[in-house]
Structure formats: C-alpha cells, structure tokens
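In my numbering, the protein residues as written are -19 to 222.
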C-alpha cells in the first residue's frame, strides 16, 4: 500500500514520513518487536528518496521508537526489563547502582469509578471506570517504594485478574497492546504518613521523596498515573542529561 507524502508544506519531508510511520505503529500495522520493511521498500512506499527515509528512521531511533540491529534490520521498539530500567526507572542506590526492584508485593488491586482527581489526570470523563493498584517494591532486599497506580479500565480489560509483574509497561504492551512512550515526572519532598510508615518500615513523618508520573502512549493518550513514595535514606533520584 502506497502512503506517499506531500512534497511541499507540512514541515520537512523526513518529518512527515516519521509521522506516517508513527501512525502506522499506533494503528497496529507494525507491532512492538516487528521488523520493519527494508529501507528500499519503505522509500518506495512513501515516495521519497532513501536518504529522506533514513533521516526519518534516525528520528524514530532518537525517540526510542525503533531499534536498529546491524545486519538484521530495524525493529519496532518493545518494552523489556532493560528498557524500563534505563528509560523509565530513575532510582539508584547511594553508590550509584541502578537496578529494577527484584520483587513487588501487591497491596490492593481494584476496579472502580475514578475520583475527580484521577479522571482529571487521565483526561477521562467524570466517574469513568479505572483500575487502581497499590504495591510495595523492594530494593536491596527491603521495602523501599510504595506505589499508587491508576489506569483507565477501558484500556486494560481484565487487568484485575492478571498476575501483576514487576515490569508493568511490558505487561501493558504484551497483554493489552498499550505501549508507553513518554512520561512526565514531578518530584517533591513529603512526610511519611501511616501507610508509608507501615509498608516501608519508616518512622511516621520521616522524609520521603514523592515521584508523580503521568505516562502516555505513542499518540499522547494518558495511560497511567503513578505516584511513587521512596524512602531516601539509601536511595536517590537520578536524572541523566545528554
């Protein structure tokens, strides 16, 4: 199927090709982990030169939407524990070591109507159905993070009945076809309340770091609101700027 792009207007030609390819991924033409057609085939399909097509692939690669393997081709990026660690998990030990939590303990998992705050953050109609998860995550053999996670129920049918793994973004993608592409985080210092004291084993009112994250899909749809509260005695938040 030919999807030629216009050769005038709408920004640089390679950027127009990039947007068409993103739309194809969103529509499910190419699934996470799929190999893309060859550069020759894609250039012919979009009616552009190989140089323009290569620039579009460079832009997709820079945005972590595709992965290139020398001698094998270009693949749609898929969530793995390694990708979640390096792109979406920013907690490190005081020695600088960063690793995903080895275990998680699910505290609650319920499907209900969302509060005004939950629906507002996820851009849902008032009282829309949501799934709410609360879990405790271990680092270094002890509980360090208390998470409250809210997702739209319509995107995750049957999530309450699933075995909830550590790597939720991989579950979202493989189990429900929802790929998390972008997340915006806000940080602030808070005092531990009763829930944090009980689940993290810290004194009441001791200092914690709260990470408020809104995660979006490829087309910008809010898919998850996650609030993580972290005991900061032996861990800290790491932001790497290239």
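We put the beta carbon where it would ideally sit given N, CA and C, even for glycine.
What three-state label does DSSP hand residue i in the structure shown?
i, result
"residue 128", "strand"
"residue 45", "coil"
"residue 66", "Confidence at residue 66 is low in this model, with a pLDDT of 48, below 50, so its placement is unreliable and the value that follows should be read with caution. Helix at residue 66."
"residue -8", "coil"
"residue 184", "coil"
"residue -18", "Caution is warranted here: a pLDDT of 46 is assigned to residue -18, below 50, making its placement in the model unreliable, and the coordinate value is therefore given only provisionally. Coil, per DSSP."
"residue 218", "coil"
"residue 71", "strand"
Starting from residue i, trace the beta strand (DSSP E) both ways and give me its first and last residue.
i, result
"residue 190", "187 to 197"
"residue 52", "Counting along the chain, residue 52 falls outside any beta strand (DSSP E), and DSSP gives it neither H nor E."
"residue 207", "202 to 211"
Just reading off the alpha helix (DSSP H) that residue i is part of, what are its end residues?
i, result
"residue 32", "30 to 42"
"residue 180", "174 to 180"
Who pairs with residue i in a beta bridge, going by DSSP?
i, result
"residue 162", "196"
"residue 168", "190"
Stretch-stretch touch, CB-based, cutoff 8 Å, three pairs: the segment 127 to 139 with the segment 108 to 116 = A contact exists between the segment 127 to 139 and the segment 108 to 116.
Runs of alpha helix (DSSP H) wholly within the segment 78 to 156 (minimum 4 residues, chain order) | Given a length threshold of 4 residues, each whole run of the alpha helix (DSSP H) inside the segment 78 to 156 is given here in chain order: 96 to 101, 148 to 156.
Within the segment 4 to 28, ranges of the alpha helix (DSSP H) (whole runs, at least 4 residues) = Within the segment 4 to 28, the complete alpha helix (DSSP H) runs of at least 4 residues are 19 to 26.
Check whether the segment 161 to 170 touches the segment 12 to 32, taking contact to mean three or more Cβ pairs, one atom from each stretch, closer than 8 Å.
-> With the cut-off at 8 Å, the segment 161 to 170 and the segment 12 to 32 do not touch.
Touch test, the segment 150 to 159 against the segment 168 to 185, Cβ-Cβ under 8 Å, three pairs minimum = In short, these stretches do not touch, since the Cβ pair count stays below three.
Cβ contact (3+ pairs, closer than 8 Å) linking the segment -7 to 8 and the segment 25 to 34 | Touching, yes, given that three or more Cβ pairs across the two stretches are closer than 8 Å.
Would you be able to state if there are at least three C-beta pairs under 8 Å between the segment 81 to 98 and the segment 141 to 153?
-> These segments touch.
Inspect the CB distances between the segment 185 to 195 and the segment 92 to 100 and report whether three or more fall short of 8 Å.
-> No, because fewer than three Cβ pairs between the segment 185 to 195 and the segment 92 to 100 fall closer than 8 Å, the two stretches do not touch.
Contact between the segment 207 to 218 and the segment 120 to 130 (3+ Cβ pairs under 8 Å) = Judged by Cβ distances under 8 Å, the segment 207 to 218 makes contact with the segment 120 to 130, as three or more pairs qualify.
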